[in-house]
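Residue numbers (the working numbering): 234 to 421. Note sheet for the following structure.
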Amino acid sequence: GSENQVLTMNANGDAAWAAAAGGATKNLLINGSFNVNQRGDKSSVGGSSVYILDRWMHGRENGGNSTRWTISRTALAKTDLPYTAGHRNCMKLDCTTSSSNSGNNDTAYMNQRIEGFNCSHLDWGNSGAKTLTLTFYAKTDGSTGVMSVSAYATKHYIREVSLTNSWQKFTVTFPGNTSDEIGHNKDN
Numbered sequence: 234g235s236e237n238q239v240l241t242m243n244a245n246g247d248a249a250w251a252a253a254a255g256g257a258t259k260n261l262l263i264n265g266s267f268n269v270n271q272r273g274d275k276s277s278v279g280g281s282s283v284y285i286l287d288r289w290m291h292g293r294e295n296g297g298n299s300t301r302w303t304i305s306r307t308a309l310a311k312t313d314l315p316y317t318a319g320h321r322n323c324m325k326l327d328c329t330t331s332s333s334n335s336g337n338n339d340t341a342y343m344n345q346r347i348e349g350f351n352c353s354h355l356d357w358g359n360s361g362a363k364t365l366t367l368t369f370y371a372k373t374d375g376s377t378g379v380m381s382v383s384a385y386a387t388k389h390y391i392r393e394v395s396l397t398n399s400w401q402k403f404t405v406t407f408p409g410n411t412s413d414e415i416g417h418n419k420d421n
């Protein structure tokens, strides 16, 4: 196939490339619905660069290494907002041990590194750089929470979203980066 095409399959099982439906764009995240979990659920996660659900990584900045998380793929209920949009699983992060010396700059995060081959079409580093839009569902088991979303490894375009204990759909848009080029390679 080529750009703006999708692989389709008819009722007989025959595959063919077809034009993407109006406005369809390439999804840069792989396993965004958390359907693949070959490594299994992880408990007592505290370090940085720990691979969890396929293509996803847990990271940590600042603070001590004593905070621990259990990270799992969890089935959504049929009444959950993401389920009604076609998703069947979510990634659940459960803080099992909180560090008593955590400070304001302590950060735990989940990320997915996207290779340049898969995002060079954004044309970042050039005057025609395209915006990047991330749509996701999130909630907290606590009463409220704040989640920061960022894009690009060397520049942090941070957007904060306020979480509640009900599923919400968020759409966050990042400006096209005209100064930092994304190489068409395996780097991320």
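Cβ coordinates follow ideal geometry from the N, Cα and C atoms, glycine included. Fair warning: this is a prediction, and the values are worked out from it, not measured in the lab.
CA nearest to the CA of residue i, picked from the options
{"i": "Thr317", "options": "Thr411, Thr404, Trp400", "result": "Trp400"}
{"i": "Thr307", "options": "Ser412, Asn270, Val405, Ile391", "result": "Asn270"}
{"i": "Phe267", "options": "Ser277, Asn260, Asp287", "result": "Asp287"}
Burial state of residue i, where buried means 16 or more other Cβ atoms lie within 10 Å
{"i": "Thr397", "result": "exposed"}
{"i": "Leu262", "result": "exposed"}
{"i": "Ser441", "result": "Look at the range of the chain in this structure, 234 to 421, and you will see that residue 441 is not part of it."}
{"i": "Arg293", "result": "buried"}
{"i": "Ile391", "result": "exposed"}
{"i": "Thr300", "result": "buried"}
Three-state secondary structure assigned by DSSP to residue i
{"i": "Phe202", "result": "There is simply no residue 202 to check, as the chain begins at 234 and stops at 421 in what is shown."}
{"i": "Asn268", "result": "coil"}
{"i": "Thr404", "result": "strand"}
{"i": "Thr330", "result": "strand"}
{"i": "Leu314", "result": "helix"}
{"i": "Gly292", "result": "strand"}
{"i": "Ser353", "result": "helix"}
Residue interval of the beta strand (DSSP E) (run including residue i)
{"i": "Tyr342", "result": "340 to 344"}
Opposing strand residues paired with residue i [DSSP bridges]
{"i": "Asn322", "result": "Ala308"}
Where the alpha helix (DSSP H) containing residue i begins and where it ends
{"i": "Gly358", "result": "Taken as a continuous stretch (DSSP letters only), Gly358 belongs to no alpha helix (DSSP H), as it is neither H nor E."}
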